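If you read the protein sequences in the order shown, they are chains Y and F. Residues in the first sequence are numbered from 18 upward in steps of one, following our numbering. Residues in the second sequence are numbered from 18 upward in steps of one, following our numbering. We treat Cβ as the ideally placed atom computed from N, Cα and C, and that holds for glycine. Keep in mind that this is a model prediction, so the values were computed, not measured.
2 protein chains.
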Amino acid sequence: MMRVSTKGEYGVRVMVDLARHHGEGPRSLTDISLAEQLPLPYLEQLVKLLRDKGLILSTRGAHGGYQLSRHPKDIRMSEVIRVLEGPIAPMICAPEGEMDVVCDRLECCSTQYLWAKIRDAILHTLEQMTLAELASVTTPERIPAHAQVVPAPGATAHKLIPLAQVLLRSSPLSADESE
Amino acid sequence: MMRVSTKGEYGVRVMVDLARHHGEGPRSLTDISLAEQLPLPYLEQLVKLLRDKGLILSTRGAHGGYQLSRHPKDIRMSEVIRVLEGPIAPMICAPEGEMDVVCDRLECCSTQYLWAKIRDAILHTLEQMTLAELASVTTPERIPAHAQVVPAPGATAHKLIPLAQVLLRSSPLSADESE
DNA sequence: AGTATATCCGAGTGGAAAAGTCGGAATAGC
DNA sequence: GCTATTCCGACTTTTCCACTCGGATATACT
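Right, here's the structure in full:
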């Protein structure tokens, strides 16, 4: 549930990549797509979003590329996600910001309380975290040693991985998923 | 972003409805679909999920229907959402529960930290709230008076509303949505 | 017994959005 | 001029959501 789209995933990864290479001048999408194993033409789309909203700067021509417009410390993850995935609202009933003409059902308003809470929780989390913070995290406590799976070598090496795609439905994870 | 599907929305509304009529014996789907203005055949599907996981009990035959298997106070919203929308994981990289064989990319793990945080935030919110609590909320502080929009009368009266559908894209809400 | 009211179940469908592709134009360094 | 790059719009493909449909089964009431 509540899944973040690949736009969000890839976009964040691009931003983290840029944060790590901050101050080194423009970094090309080709480099990024190689480093992150993501399809370049698709990245072009995402990056446009980030640039249009002023999160990154572009340099055209040879040796061109992208770089963060601000220091990673000054970029909140809420901004990033909002640019990539649109306003943070788990449900139409609980939009970010103003509560406008949205909900014509009174009943809806009861459950609306729930969505609002969820939205606030997400928002708070994203508001707290900066890009710098995220970029600095190398081995978060969440990842136990045994999770360091060694993939079938070569399987992921020479081909661009449609990452989320592949993993999404095969997921043999929580026993919860008996669906 | 992070949108809850109609399964989640409708399902929660059904549960709230049932909570409000708790102790009155079985309540038929026809009644619920009328009260909540939701398509009955679709509800049948959702309700199956809730029943299979033991959240509600069914009584077949005439005067049959559904009722909560436990007191609303003893039903956490996390359970409800999990049943309806699957495990609470904003991203494959951050599944609920164990961190199993999931992520074959090391880079992914940096951003994974973010998804994990978000998941935890959502989870905490849902874990805290009980169905009873949600059902008791009538006019949450979130809803200002001017939000009490009077819809074009009759427009929503005689026809089952494809609610989310209609509202999802027309949303004239946050100025953020200049996309 | 028969009928009306329910749940139950699996399959099927239409449409929309997500995910990614493609071709080419503009720009800048060499 | 050649090459590396951003830039842009349109196009395709796939997937999944939201919902329908037809019928089977079960129970209450008359």
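Pick helix, strand or coil for residue i, following the three-state DSSP scheme.
{"i": "S86 (chain Y)", "result": "coil"}
{"i": "S75 (chain F)", "result": "strand"}
{"i": "R44 (chain F)", "result": "strand"}
{"i": "R93 (chain F)", "result": "strand"}
{"i": "K24 (chain F)", "result": "helix"}
{"i": "V154 (chain F)", "result": "coil"}
{"i": "H141 (chain Y)", "result": "helix"}
{"i": "Q62 (chain Y)", "result": "helix"}
{"i": "L55 (chain F)", "result": "coil"}
{"i": "A106 (chain F)", "result": "coil"}
{"i": "M19 (chain Y)", "result": "coil"}
{"i": "K4 (chain Y)", "result": "In the structure as shown, chain Y begins at 18 and stops at 196. Residue 4 (chain Y) is therefore absent and cannot be evaluated."}
{"i": "S195 (chain Y)", "result": "With a pLDDT of 35 at S195 (chain Y), under the threshold of 50, the predicted position of this residue should be treated as unreliable, though the coordinate-derived value follows. Coil."}
Using a C-beta cutoff of 9 Å, does residue i count as contacting chain F?
{"i": "I139 (chain Y)", "result": "yes"}
{"i": "Y130 (chain Y)", "result": "yes"}
{"i": "E61 (chain Y)", "result": "no"}
{"i": "L51 (chain Y)", "result": "no"}
{"i": "R93 (chain Y)", "result": "no"}
{"i": "I105 (chain Y)", "result": "yes"}
{"i": "R68 (chain Y)", "result": "no"}
{"i": "V154 (chain Y)", "result": "yes"}
{"i": "R87 (chain Y)", "result": "no"}
{"i": "R77 (chain Y)", "result": "no"}
{"i": "T142 (chain Y)", "result": "yes"}
{"i": "L46 (chain Y)", "result": "no"}
{"i": "L151 (chain Y)", "result": "yes"}
Less than 8 Å between the CB atoms is what I'm expecting for residue i and residue j, so what's the real figure, rounded?
{"i": "R20 (chain F)", "j": "P104 (chain Y)", "result": "At roughly 11 Å, the Cβ-Cβ gap does not stay under 8 Å, so R20 (chain F) and P104 (chain Y) are not in contact."}
{"i": "R44 (chain Y)", "j": "G82 (chain Y)", "result": "4 Å"}
{"i": "L72 (chain F)", "j": "E53 (chain F)", "result": "About 17 Å; that fails the 8 Å criterion."}
{"i": "L85 (chain Y)", "j": "G28 (chain Y)", "result": "About 13 Å; that fails the 8 Å criterion."}
{"i": "L14 (chain Y)", "j": "M94 (chain F)", "result": "Only positions 18 to 196 of chain Y appear in the structure, and residue 14 (chain Y) is not among them; the question remains open."}
Measure the Cβ-Cβ separation of residue i and residue j and say whether it is below 9 Å.
{"i": "L46 (chain Y)", "j": "L60 (chain Y)", "result": "yes"}
{"i": "T142 (chain Y)", "j": "D91 (chain Y)", "result": "no"}
{"i": "I98 (chain F)", "j": "I139 (chain Y)", "result": "no"}
{"i": "R30 (chain F)", "j": "S127 (chain Y)", "result": "yes"}
{"i": "K24 (chain F)", "j": "L101 (chain F)", "result": "yes"}
{"i": "A149 (chain F)", "j": "H88 (chain F)", "result": "yes"}
Sort out for me which residues DSSP pairs residue i with in a bridge.
{"i": "T147 (chain F)", "result": "F:R93"}
Shorter than 9 Å from the beta carbon of residue i to some beta carbon of chain Y?
{"i": "V29 (chain F)", "result": "yes"}
{"i": "V33 (chain F)", "result": "yes"}
{"i": "P43 (chain F)", "result": "no"}
{"i": "H175 (chain F)", "result": "A caution first: H175 (chain F) carries a pLDDT of 28, below 50, which makes its placement in the model unreliable, though a value can still be read off. Answer no: the Cβ-Cβ gap between H175 (chain F) and chain Y never drops below 9 Å."}
{"i": "E196 (chain F)", "result": "Because the pLDDT at E196 (chain F) is just 32, under 50, the model does not fix this residue reliably, and the value given afterwards should be weighed accordingly. At least one chain Y Cβ lies under 9 Å of E196 (chain F)."}
{"i": "K65 (chain F)", "result": "no"}
{"i": "K134 (chain F)", "result": "yes"}
{"i": "L57 (chain F)", "result": "no"}
Going by the C-beta, is residue i closer than 8 Å to any heavy atom of the ligand GTP?
{"i": "V100 (chain F)", "result": "Absence of the ligand GTP from the depicted structure is noted, as is the absence of any ligand whatsoever, leaving it without description."}
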